[in-house]
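Engineer: Residue numbers (the working numbering): 43 to 223. Glycine residues also receive a C-beta, built at the ideal position from the N, C-alpha and C atoms. Just so you know, these numbers come straight off a predicted model, no measurement behind them. Have a look at the structure that comes next, please.
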C-alpha cells in the first residue's frame, strides 16, 4: 500500500548531496500490516534508506512524492574519507501525526536522522512528534535536553507512538542514537 496524504520530510544524514541538490521523495510501502521479523526489518530499512541525499546533512520535502531539497551539506572531512563513505541510512524517523502506520501519519511532516550520538529536533518541529520508527540503532527519546528527564529508551527495528514511556505526545525535543546505520 503506498503512502497516503502529504508528508514533509527532513533528513539529517552523515554523507550526501551538496546544498541545493534535489531528488523526488520516494513513496514507501505502508508498514501498517504486521510482518514477521525479517519482513518488518526489511520494510523499516527500506523506509529509512529512502530518506537521504548523498553529501547532505539536512533535507526537506513538502510531502511524499515531492522534491527533496538538501538544506545543509554534510561536514567535509578528507576527500578520501568521503569517497570511502558508504551510503548513509537514516537510523530514526519521527512523525508529526500518528498513530504509526496510519493514513493520518502521512498527512504531516516527517523528520529522519542518520548518525550517532545526541541530536535535537529542529526548532520548527519541536514538541510536535506523535509517532516514530527506528532502524539499526537503539537509543533514547527526551522531552527536553539530552540526558535529562523525562526520557525513555527505544529498541532497534521498531515502531511506536508517543507517549512512549515517560516521553509524552507532542513533547519530543531531543534524542540519542547509540550507533550509525
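1. Do three or more CB pairs link the segment 139-150 to the segment 162-179 at distances below 8 Å?
2. First and last residue of the alpha helix (DSSP H) that includes residue 87?
3. Can you tell me whether residue 80 is buried or exposed? The criterion is at least 16 other CB atoms within 10 Å of its CB, across all chains shown.
4. Tell me whether residue 189 is buried or exposed, calling it buried when 16 or more other Cβ atoms sit within 10 Å of its Cβ.
5. Relative to the alpha-carbon of residue 82, which residue among 178, 184, 195, 163 has its alpha-carbon at the smallest distance?
6. Report the three-state DSSP secondary structure of residue 145 (helix, strand or coil).
7. On the DSSP bridge list, what partners appear for residue 180?
8. Which residue marks the beginning of the beta strand (DSSP E) containing residue 160, and which one marks its end?
9. Quick one: give me the first and last residue of the beta strand (DSSP E) that residue 152 is part of.
10. On the criterion of 16 or more Cβ atoms from any shown chain inside 10 Å, does residue 185 qualify as buried, or is it exposed?
11. State the DSSP-derived secondary structure class of residue 215, mapped to helix, strand or coil.
12. Just to confirm, are residue 215 and residue 162 a CB contact at a threshold of 9 Å?
13. Chain D beta carbons: is any one of them nearer than 9 Å to that of residue 94?
14. Could you have a look at residue 198 and say whether DSSP puts it in helix, strand or coil?
15. Can you say whether residue 202 is buried or exposed, counting buried as having 16 or more other CB atoms within 10 angstroms of its CB?
16. Rounded to whole angstroms, what's the CA-CA distance from residue 86 to residue 206? Just pull it up for me.
Structural biologist: By the coordinates alone:
1. With three or more CB-CB distances shorter than 8 Å, the segment 139-150 counts as touching the segment 162-179.
2. On the chain shown, residue 87 is found 45 positions in, with the first residue counted as 1. Segment 79-91, the alpha helix (DSSP H) holding residue 87.
3. Mapped onto the chain shown, residue 80 falls at position 38. The residue in question, residue 80, is exposed, as its Cβ has fewer than 16 Cβ neighbours within 10 Å.
4. Here residue 189 refers to the residue found at position 147 when the chain shown is read from its first residue. Residue 189 comes out exposed.
5. Residue 82 sits at position 40 when you count from the first residue of the chain shown. Considering only alpha carbons, the answer is 178.
6. What you label residue 145 is simply residue 103 of the chain shown in a count that begins at 1. Residue state, collapsed to three classes: helix.
7. Position 138 of the chain shown, counted from the first residue, corresponds to residue 180. Bridge partners of residue 180: none, in fact.
8. In the chain shown, the residue the question calls residue 160 occupies position 118. Membership of residue 160 in the beta strand (DSSP E) is indicated by the continuous run 159-162.
9. Your numbering for residue 152 matches position 110 in the chain shown. Element bounds for residue 152: 152-155.
10. Locating residue 185 in the chain shown gives position 143, counting from the first residue. The residue is buried, with at least 16 neighbouring Cβ atoms inside 10 Å.
11. Sequence index remark: in the chain shown, residue 215 carries index 173 (1-based). In the structure shown, residue 215 sits in coil (DSSP, three-state: anything other than H, G, I, E or B).
12. In the chain shown, counting from the first residue as 1, residue 215 sits at position 173. In the chain shown, counting from the first residue as 1, residue 162 sits at position 120. Yes, these two residues count as a Cβ contact at 9 Å.
13. Of the chains in the structure shown, none is chain D; there is only one protein chain.
14. Here residue 198 is taken as the residue at index 156 of the chain shown, counted from 1. Correct three-state label for residue 198: coil.
15. In the chain shown, residue 202 corresponds to position 160, counting from 1. Buried is the call here.
16. Within the chain shown, residue 86 is the residue found at index 44, counting from 1. Within the chain shown, residue 206 is the residue found at index 164, counting from 1. Cα-Cα distance, rounded: 19 Å.
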